[in-house]
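To keep things clear, I will list the structure first and then write my remarks on it.
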Amino acid sequence: MNQTFTEEFEQHCDAALAWIARFRGEANDQDHRDFALWLAADAGHRQAMDLMLELWDDLGSVRHLPLEADQPATAPARAQPTRRQWLTGAVALAAGLAMAFVLLPLNREPGGTESLRTAHGERATFTLSDASQVTLNTDSRLDVAFTGDTRALTLVKGEAFFNVAHDPERPFAVSAGDTTVTAVGTAFNVYRRPESTAITVSEGVVRISNLAAGGTAPRSVLLEADEHLETGRNGALGTGRSVDTARYLAWQRGEIIAEALTLAELADEMARYSDTRLLISEREVAELTVSGVFSLDHPDTVVQALERSLGLRVVPLGNGSVQLLKSPQ
Numbered sequence: 067m068n069q070t071f072t073e074e075f076e077q078h079c080d081a082a083l084a085w086i087a088r089f090r091g092e093a094n095d096q097d098h099r100d101f102a103l104w105l106a107a108d109a110g111h112r113q114a115m116d117l118m119l120e121l122w123d124d125l126g127s128v129r130h131l132p133l134e135a136d137q138p139a140t141a142p143a144r145a146q147p148t149r150r151q152w153l154t155g156a157v158a159l160a161a162g163l164a165m166a167f168v169l170l171p172l173n174r175e176p177g178g179t180e181s182l183r184t185a186h187g188e189r190a191t192f193t194l195s196d197a198s199q200v201t202l203n204t205d206s207r208l209d210v211a212f213t214g215d216t217r218a219l220t221l222v223k224g225e226a227f228f229n230v231a232h233d234p235e236r237p238f239a240v241s242a243g244d245t246t247v248t249a250v251g252t253a254f255n256v257y258r259r260p261e262s263t264a265i266t267v268s269e270g271v272v273r274i275s276n277l278a279a280g281g282t283a284p285r286s287v288l289l290e291a292d293e294h295l296e297t298g299r300n301g302a303l304g305t306g307r308s309v310d311t312a313r314y315l316a317w318q319r320g321e322i323i324a325e326a327l328t329l330a331e332l333a334d335e336m337a338r339y340s341d342t343r344l345l346i347s348e349r350e351v352a353e354l355t356v357s358g359v360f361s362l363d364h365p366d367t368v369v370q371a372l373e374r375s376l377g378l379r380v381v382p383l384g385n386g387s388v389q390l391l392k393s394p395q
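Written out as structure tokens, the structure reads:
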């Protein structure tokens, strides 16, 4: 999807995605009535729903939705409604319930921005006013601005895992630079780095939008559970791929799961959490690869494991750092 959207239409798309996610679960009669009211309230709602359904069609995921019935091998006397017919029926229902609009209460909560932070080496979990939970990784900052209509968050720096409370009327949007991740009732991880932003989904589905540098045409893709995607600073939006999410979420347990990680990469990752620096001056040592589970909170055990498994020489430097050298033959 590569089109220019107004901010209002982006909000309609977020709401449409929320409804799609809802109907993938256990939708009840009230959900159908509420959806009909929403669909009839604005022509932009129908357009946004069509656009989001087309995107789901592209992913081959529309089979999960109750908006288009599967056709049996033997056609029954009364054909099942198509998606378009279903939407038309929803509009008709909304017309019959038009008075419901004046009876629905408007629940708003006070605005304002709250900043959540963690220090170097710290991890912390916060419960937001909507009952969503956020776990911040080391040296992170998240700005939270909730209103009665929106749940807007900005990951200023660092990494955060979001377990989002379900609320179809208020999409949960996390911005990280030019990248915005929108979700409803799902769980996902966002890691904002200087050169890119990485998103990993562990439950549900999210919509990822990225604004190309100097442009006004955000490209959007959907990312489902057990998928990972990385975006670039220049507006490039990568392709989602299936992953073992445990590897990307291991930091919540205080661990790094390394798979053929170079020693230089492991040293950089450990530096995010500890004042103990693993210093490497020899290229041959830096390019050694390691695999396994390493503790973020106990760098001394990591050093011992590297010393034993790779046969390295460890030289303490007196400032909490150690130098890793190739052992003499």
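For reference, each letter of the sequence shown is one residue, going 67 to 395 in the numbering used here.
Don't be surprised by glycine CBs; every beta carbon is placed ideally from N, CA and C.
For residue i, count the other beta carbons within 10 Å of its own beta carbon; 16 or more makes it buried, fewer makes it exposed. Which is it?
i, result
"ASN255", "buried"
"ARG236", "buried"
"ALA218", "buried"
"ASN94", "exposed"
"ARG189", "buried"
"GLY243", "buried"
"HIS78", "buried"
"ASP363", "exposed"
"ASP80", "buried"
"PRO365", "buried"
"ASP108", "exposed"
"VAL230", "buried"
"GLU76", "buried"
"VAL200", "buried"
"ALA333", "buried"
"THR297", "buried"
"THR72", "exposed"
"GLY306", "buried"
"THR191", "exposed"
"THR355", "exposed"
"LEU383", "exposed"
"THR246", "buried"
"THR311", "buried"
Note down, in chain order, each residue of its chain lying with its Cβ closer than 7 Å to the Cβ of residue i, except the 5 sequence neighbours on either side.
i, result
"SER286", "MET67, ARG273, ILE274 and SER275"
"SER387", "THR342, ARG343 and LEU345"
"ASP136", "Because ASP136 carries a pLDDT of 38, less than 50, the predicted location of this residue cannot be relied on, and no value is offered for it."
"THR216", "ARG236"
"ARG374", "none"
"ASN186", "As written in the sequence, residue 186 is His, which differs from the Asn given in the question. These residues qualify, in order along the chain: THR204 and ASP205."
"GLY340", "This sequence places Ser at residue 340; Gly is not what is there. Once the five neighbours on either side are set aside, the close Cβ partners of SER340 are GLY187 and PRO365."
"VAL380", "VAL369, GLU373, VAL388 and LEU390"
"GLU335", "ILE322"
For residue i, does the three-state DSSP call read helix, strand or coil?
i, result
"HIS232", "coil"
"VAL368", "helix"
"THR246", "strand"
"ASP100", "helix"
"GLU188", "coil"
"SER181", "strand"
"ALA197", "coil"
"SER375", "helix"
"LEU83", "helix"
"LEU119", "helix"
"ASP12", "Residue 12 is absent from the structure shown; the chain starts at 67 and stops at 395."
"ASP95", "helix"
Just to confirm my understanding: we take residue i, look at its own chain, exclude 5 residues before and 5 after, and list those with CB closer than 6 Å. What are they?
i, result
"ARG183", "ARG207"
"ILE323", "ARG313, ALA316 and VAL359"
"SER241", "THR220"
"LEU119", "none"
"GLY320", "LEU362 and ASP363"
"TYR257", "GLU225 and ALA264"
"THR179", "ASP209 and ALA211"
"PHE238", "ARG217, VAL230 and ALA249"
Taking 7 Å as the line, does the beta carbon of residue i fall inside it for any heavy atom of the ligand NAD?
i, result
"VAL250", "Only the bare structure without any ligand can be found here, which leaves the ligand NAD out of the picture."
Apart from the five residues just before and just after residue i, which ones in its own chain have a Cβ nearer than 8 Å to its Cβ?
i, result
"TRP85", "PHE101, TRP104, MET115 and PRO234"
"ALA330", "ILE346, ALA352 and GLU353"
"GLY304", "LEU295, GLU296, THR297 and GLY298"
Q. Is the stretch 233-247 in contact with the stretch 348-357, if contact means three or more CB pairs nearer than 8 Å?
A. no
Q.
What ranges does the alpha helix (DSSP H) occupy inside the stretch 326-357, keeping only unbroken runs of at least 4 residues that lie completely in it?
A. 329-337 and 349-352
Q. Using 8 Å as the threshold, is the stretch 247-254 in touch with the stretch 263-273, meaning 3 or more CB pairs across them?
A. yes
**Q.** Inter-stretch contact (C-beta, 8 Å, three-pair minimum) for the stretch 186-201 and the stretch 211-225
**A.** yes
Q.
Any contact between the stretch 257-268 and the stretch 290-308? By contact I mean 3 or more CB pairs, one from each, below 8 Å.
A. yes
(Q) If we require 3 or more residues per run, which beta strand (DSSP E) segments fall completely within the stretch 253-314? (A) 253-258, 262-269, 271-276, 285-290 and 293-298
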